[in-house]
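Colleague: One structure, pasted below without further comment.
Number of protein chains: 2
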Amino acid sequence: MNRQIVLAARPEGMARLSDFKVVETATPALKEGEVLFRNILFSIDPYQRNLMGNGSSEWPTIGIGDPMGGPTVGIVEASNNAAFAVGDHVQSWSGWQTHAVSDGTDLRKLDPAAAPLSTALGPLGLTGFTAWYGTTKVHTFKPGGTFVVTGAAGAVGSTAAQLMKLRGHRVVGVAGGPDKIAFLENELGIDAAIDYKAVDFKEQVVHVLPDGIDAFFENVGGPIFPVLMEHFNPHAKMVVCGTISDCSDAELPQGTNYLPRLITLIHYRFVDIKAFATPYVMDTFPAFLAEMTPLVTNGKIKYREEFIDGFDKLPATLLTLFNGTHSGKKLIVKA
Amino acid sequence: MNRQIVLAARPEGMARLSDFKVVETATPALKEGEVLFRNILFSIDPYQRNLMGNGSSEWPTIGIGDPMGGPTVGIVEASNNAAFAVGDHVQSWSGWQTHAVSDGTDLRKLDPAAAPLSTALGPLGLTGFTAWYGTTKVHTFKPGGTFVVTGAAGAVGSTAAQLMKLRGHRVVGVAGGPDKIAFLENELGIDAAIDYKAVDFKEQVVHVLPDGIDAFFENVGGPIFPVLMEHFNPHAKMVVCGTISDCSDAELPQGTNYLPRLITLIHYRFVDIKAFATPYVMDTFPAFLAEMTPLVTNGKIKYREEFIDGFDKLPATLLTLFNGTHSGKKLIVKA
Numbered sequence: 001m002n003r004q005i006v007l008a009a010r011p012e013g014m015a016r017l018s019d020f021k022v023v024e025t026a027t028p029a030l031k032e033g034e035v036l037f038r039n040i041l042f043s044i045d046p047y048q049r050n051l052m053g054n055g056s057s058e059w060p061t062i063g064i065g066d067p068m069g070g071p072t073v074g075i076v077e078a079s080n081n082a083a084f085a086v087g088d089h090v091q092s093w094s095g096w097q098t099h100a101v102s103d104g105t106d107l108r109k110l111d112p113a114a115a116p117l118s119t120a121l122g123p124l125g126l127t128g129f130t131a132w133y134g135t136t137k138v139h140t141f142k143p144g145g146t147f148v149v150t151g152a153a154g155a156v157g158s159t160a161a162q163l164m165k166l167r168g169h170r171v172v173g174v175a176g177g178p179d180k181i182a183f184l185e186n187e188l189g190i191d192a193a194i195d196y197k198a199v200d201f202k203e204q205v206v207h208v209l210p211d212g213i214d215a216f217f218e219n220v221g222g223p224i225f226p227v228l229m230e231h232f233n234p235h236a237k238m239v240v241c242g243t244i245s246d247c248s249d250a251e252l253p254q255g256t257n258y259l260p261r262l263i264t265l266i267h268y269r270f271v272d273i274k275a276f277a278t279p280y281v282m283d284t285f286p287a288f289l290a291e292m293t294p295l296v297t298n299g300k301i302k303y304r305e306e307f308i309d310g311f312d313k314l315p316a317t318l319l320t321l322f323n324g325t326h327s328g329k330k331l332i333v334k335a
Numbered sequence: 336m337n338r339q340i341v342l343a344a345r346p347e348g349m350a351r352l353s354d355f356k357v358v359e360t361a362t363p364a365l366k367e368g369e370v371l372f373r374n375i376l377f378s379i380d381p382y383q384r385n386l387m388g389n390g391s392s393e394w395p396t397i398g399i400g401d402p403m404g405g406p407t408v409g410i411v412e413a414s415n416n417a418a419f420a421v422g423d424h425v426q427s428w429s430g431w432q433t434h435a436v437s438d439g440t441d442l443r444k445l446d447p448a449a450a451p452l453s454t455a456l457g458p459l460g461l462t463g464f465t466a467w468y469g470t471t472k473v474h475t476f477k478p479g480g481t482f483v484v485t486g487a488a489g490a491v492g493s494t495a496a497q498l499m500k501l502r503g504h505r506v507v508g509v510a511g512g513p514d515k516i517a518f519l520e521n522e523l524g525i526d527a528a529i530d531y532k533a534v535d536f537k538e539q540v541v542h543v544l545p546d547g548i549d550a551f552f553e554n555v556g557g558p559i560f561p562v563l564m565e566h567f568n569p570h571a572k573m574v575v576c577g578t579i580s581d582c583s584d585a586e587l588p589q590g591t592n593y594l595p596r597l598i599t600l601i602h603y604r605f606v607d608i609k610a611f612a613t614p615y616v617m618d619t620f621p622a623f624l625a626e627m628t629p630l631v632t633n634g635k636i637k638y639r640e641e642f643i644d645g646f647d648k649l650p651a652t653l654l655t656l657f658n659g660t661h662s663g664k665k666l667i668v669k670a
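Line by line, the protein sequences are chains L and F.
Position 144 (the first sequence) corresponds to 144 in the working numbering; numbering is contiguous.
Every position in the second sequence, counted from 1, becomes a number in the working numbering once 335 is added.
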C-alpha cells in the first residue's frame, strides 16, 4: 500500500494539523520505462506552506486530496527503466507519500558514498540551490561590500552566508536568540551576527553596520526589515528569497506604514530589489552541484540537520517552522 | 548686479517661502575661457525640493546661503571663450540667479530656430531626459505589455507615456481630476486613464487593468501605489522615478503597513524594482537628444508648458508643485 498525506483543506493564515489527512491507496503498477521507489527522507521547508495555497501567492498550489509536495530521497524497489536499478538512491519531487512511480525524468540518482543522502535535501538539494542561485544569479554582488542575510541560522540563510563569505564579502547574519547567534559567530565564522530578539537589536544594527549594507538577502520579512533597510548604501542590491514571517499572515499589520519609506529609499539610494523562484531556473542546477559538491564534502560549507522519525510526523514537523520554536536546523523526516 | 535667490533655511516637511531669501552680489569679472550669461528661463521641477535638503534623502543639497539649483536658459552677454559668442543661447545648471559665469564645460548651446528655447528645460531638457532614461535604460520593457505611469499628466509622466506608446506598449496613465484625465485621453492618445481622485478609483483600476501591469513608472508615491501594486503581473518591472507626494513628508503615515505586502508581491511575482538618478547618467544625454529632438519637433511627443513672469516668483512657483493646485504643465519662470 502507498501511504499518503494529502491536503484536506486550504488554510487561511497559519496552517493547522487539520489541513492534512492520511490516505492509503494501492501502489500503482509499473509501465514500461517506469521506476517504483520508496521514500526514506522527506524535506521540510518554509515554501511548503505556499504549496498549500495562500491568499497572497500566485504559487502553483497542491490540489485538495493530492499528496503534499516536497523533495524526497527514495530507494528504487522495482524498475522498468534501464537507467535505474533496484536499490539505487534517488532524489525525487514526489512529496508526502511512502511510494511513488516516475518515468525517471524527474529523478536524480544519488551516490551515498559521495555525500550523505540527506545533503540531497539540504546543501546539495533545493535548500542549497536556493542559497546558491540567490547569491549567484539574481544580482552581481561586488566582493568587499557588506552582505546582510536574515534567517542567517536557517538552512538557506546559513548556506548563503557561507557562500558569500567564501566569495570575499563582509557577512553579517541576522537571527533570533543566543543559540543561533552563537552558531553564527562560533561555527560559521561570519563577520558579525545581530540578534533581532535582543532588547538592544537596533543598537546592534547600528554598531555592526558602520559602513551600511551593499547586498541584502531577505529570508524573513516582518518588523526586522524596516530597521535594516535604513542602512542601505547607494546602489544596494536586495534579493527577496523568502518572507517566512509574512507568509502565514492573512491580514496586513497595522501601525506605521513603511511602504513610502522603502520607495523613498529605493528612489534616493538606487536600491535594486529582485526576487526569483527556483522552479523556473532548474537549468542551472548542474552548475550549482558542480560548485557546491566539493564545498560541502570538504567542509567549507557547513550545515545542520535534525531528523524526525516517522512518516506521520510530517505535518507537525512542518508547522514547527512557523511557530517560532524551530532551531534553524534543516528538518528532515525519516520514514 | 547679480540677483540671486538663495537658501535661507532647510525645511522640514513642506518647503515655505521663508526658506528662501533674495540677495544681490556683484557680477563676477570674466577670466580667460569664461562666459558670462544672463538667465531668461528657469525650470521648476519637483526634485528641487530635494536640493533644499530632506531628512529622507542622501541627495547632494544646496548650502545655506547658496543660490537655489536648477537648469536655466540664458543669453551670453560677454565671452572670453571662442566656443561662445555674445547673443548665443545656452542651457546651464546655474540655478536661481540672474547672471552666472561658466568655463563653458557645463553649457549646452541652443539653436532657437531648431526648437523653442523652453524645450531645453522640458522635453529636450532634464524633464524629457528623465522620462527617456527611465523608460529606456533602467529596465528592458517588452513591447505589447501594459505600461502604467503615475503623475501621467505631468511633464515627466506625459513624456514617458508618449514614448512608451510610440514603442508599442499599451499605456495606462494615472492622474488626478477631470482636466488631467481629459488631457490624457484626448490629447496624448494613450490607451486609458485612471483618475485617482475619483470616488470609483479602485473600480477604475480593476476595469482598466484586466491584464495586469507589466511595467510601472512611479512618479507619485503615496496611497495610490498600494492599490496599483496588487495588479503586478509576474516579472513586472518597476522604475521609481519620483515620489512627489512623499518627498515633503517628515513623518511616515499611520494605518495599514503595506511594506510586507510589497515584499510578498516582489517575492511571489518576481517584481524587479529599480531607481535611477540623472546626474549619474548624463553620458547618455546625447543619445537622448538624438532620439527625442525629431519626436518633439515633429509633434510626436506633445508637451504643455506654463510661463510665470518674474524672477522673484521662483519660490512661490516651486511651492505650487506640492500643494495639489498644480495643473501638470511644465512650469517655467521667465526673467
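All C-beta atoms, glycine included, are put in the ideal place defined by N, C-alpha and C.
Since the model is a prediction, treat every value here as computed from it, not as a measurement.
Assuming the contact rule is C-beta atoms closer than 8 Å, E77 (chain L) and R108 (chain L) should be a hit. Round their C-beta distance to whole Å, please.
Modeller: Actually they are not in contact, since the Cβ atoms of E77 (chain L) and R108 (chain L) sit about 17 Å apart, beyond 8 Å.
Colleague: Here's the rule I'm using: 16 or more other beta-carbon atoms within 10 Å means buried, otherwise exposed. How should K202 (chain L) be labelled?
Modeller: Exposed is the call here.
Colleague: For R49 (chain L), decide whether its Cβ has a neighbour in chain F, counting only Cβ atoms nearer than 9 Å.
Modeller: Chain F contact via Cβ: absent.
Colleague: In terms of DSSP beta bridges, what is I332 (chain L) paired with?
Modeller: Bridge partners of I332 (chain L): L:S43, L:F307.
Colleague: Is there a Cβ of chain F sitting closer than 9 Å to that of L41 (chain L), yes or no?
Modeller: Chain F contact via Cβ: absent.
Colleague: Anything in the region 265-290 of chain L with a Cβ closer than 9 Å to a Cβ of chain F? List those residues in chain order, please.
Modeller: Listed in sequence order: L265, I266, H267, Y268, R269, F270, V271, D272, I273, K274, A275, F276, A277, Y280.
Colleague: Specify the secondary structure class of T278 (chain L) as computed by DSSP and reduced to three states.
Modeller: Of the three classes helix, strand and coil, the one that applies to T278 (chain L) here is helix, per DSSP.
Colleague: Along the chain, where does the beta strand (DSSP E) that runs through T355 (chain L) open and close?
Modeller: Chain L is shown only over 1 to 335; residue 355 (chain L) falls outside these bounds and no answer can be derived.
Colleague: CB P71 (chain L) to CB A120 (chain L), shorter than 9 Å?
Modeller: Yes; because the gap between Cβ atoms is below 9 Å, this pair is in contact.
Colleague: When the distance is taken between beta carbons, is I608 (chain F) closer than 9 Å to G221 (chain L)?
Modeller: No, they are not a contact pair.
Colleague: Looking only at its chain, what residues have a beta carbon closer than 7 Å to the beta carbon of F270 (chain L), apart from the 5 residues adjacent to it on each side?
Modeller: So the qualifying residues of the chain are P234, H235.
Colleague: Can you find a C-beta in chain F that's less than 9 Å from the C-beta of V240 (chain L)?
Modeller: Answer yes: the Cβ-Cβ gap between V240 (chain L) and chain F drops below 9 Å somewhere.
Colleague: How about L209 (chain L): is its C-beta nearer than 9 Å to some C-beta of chain F?
Modeller: No, no contact with chain F.
Colleague: So the candidates are F:F518, F:H661, F:T578; which of them puts its Cα closest to the Cα of F642 (chain F)?
Modeller: The residue with the shortest Cα to Cα distance from F642 (chain F) is F:H661.
Colleague: Does the Cβ-Cβ distance between T591 (chain F) and P629 (chain F) come in under 9 Å?
Modeller: No, the pair does not count as a contact, with Cβ atoms beyond the cut-off.
Colleague: Output the boundary residues of the beta strand (DSSP E) element that contains L456 (chain F).
Modeller: Here L456 (chain F) belongs to no beta strand (DSSP E), and DSSP marks it neither H nor E.
Colleague: Just to confirm my understanding: we take N415 (chain F), look at its own chain, exclude 5 residues before and 5 after, and list those with CB closer than 8 Å. What are they?
Modeller: So the qualifying residues of the chain are L365, K366, E367, G368, E369, V370.
Colleague: Quick one: measure Cβ to Cβ for M499 (chain F) and T470 (chain F), integer angstroms, because I've assumed they're closer than 8 Å.
Modeller: The Cβ separation is near 6 Å, so the contact holds.
Colleague: Let me see if you follow: with CB-CB separation under 9 Å, is P46 (chain L) close to chain F or not?
Modeller: Judged by the 9 Å Cβ criterion, P46 (chain L) is not in contact with chain F.
Colleague: So which residues of chain F does L342 (chain L) contact, with C-beta pairs closer than 8 Å?
Modeller: This structure gives no information on residue 342 (chain L), because the portion of chain L shown stretches from 1 to 335.
Colleague: Let me know the secondary structure DSSP gives D532 (chain F) once reduced to three states.
Modeller: A quick correction: the sequence has Lys, not Asp, at residue 532 (chain F). Residue state, collapsed to three classes: coil.
Colleague: Buried or exposed for R16 (chain L), please, with buried defined as at least 16 other CB atoms from any protein chain shown within 10 angstroms of its CB.
Modeller: Flag for R16 (chain L) reads exposed.
Colleague: Going straight from the alpha carbon of L517 (chain F) to that of A496 (chain F), what length do you get?
Modeller: At residue 517 (chain F) the sequence reads Ala, which differs from the Leu that was named. Cα-Cα distance, rounded: 15 Å.
Colleague: Could you tell me the alpha carbon to alpha carbon distance between T485 (chain F) and L519 (chain F), rounded to whole angstroms?
Modeller: Cα to Cα, T485 (chain F) sits roughly 12 Å from L519 (chain F).
Colleague: Taking buried to mean at least 16 other C-beta atoms within 10 Å of its own C-beta, is E522 (chain F) buried or exposed?
Modeller: Result: exposed.
Colleague: M292 (chain L) and G128 (chain L) look like a contact to me (Cβ under 8 Å); what is the Cβ gap, rounded to whole Å?
Modeller: Confirmed, Cβ separation roughly 6 Å.
Colleague: With a threshold of 9 Å between beta carbons, is F476 (chain F) in contact with chain L?
Modeller: Not one chain L Cβ lies under 9 Å of F476 (chain F).
Colleague: Any beta-carbon of chain F closer than 9 Å to the one on T243 (chain L)?
Modeller: T243 (chain L) counts as touching chain F.
Colleague: Run through the region 501-532 of chain F for me and flag every whole alpha helix (DSSP H) of 4 or more residues, listed as ranges in chain order.
Modeller: The region 501-532 of chain F contains these whole alpha helix (DSSP H) runs: 513-517.
Colleague: Given that a residue counts as buried once 16 or more other Cβ atoms are within 10 Å of its Cβ, and exposed if not, what is S18 (chain L)?
Modeller: The residue is exposed, with fewer than 16 neighbouring Cβ atoms inside 10 Å.
Colleague: For I213 (chain L) and H424 (chain F), I'd like the C-alpha separation in whole angstroms.
Modeller: Spanning the two alpha carbons is a distance of roughly 45 Å.
Colleague: Who are the near neighbours of T619 (chain F) in its chain, counting only those whose CB is closer than 7 Å to its CB and skipping five residues on each side?
Modeller: Excluding positions up to five away in sequence, the list reads Y468, K472.
Colleague: When DSSP builds the beta bridges, which residues end up paired with S79 (chain L)?
Modeller: For S79 (chain L), which the question treats as bridged, DSSP gives the partners L:V35.
Colleague: Rounding to the nearest angstrom, what Cα-Cα distance links S92 (chain L) and F276 (chain L) in this structure?
Modeller: Distance between the alpha carbons of S92 (chain L) and F276 (chain L): 22 Å.
Colleague: I64 (chain L) bridges to which residues according to DSSP?
Modeller: According to DSSP, I64 (chain L) bridges with nothing at all.
Colleague: Tell me, please, whether the CB atom of F560 (chain F) is closer than 9 Å to any CB atom in chain L?
Modeller: Closer than 9 Å to some Cβ of chain L, the Cβ of F560 (chain F) qualifies, so yes.
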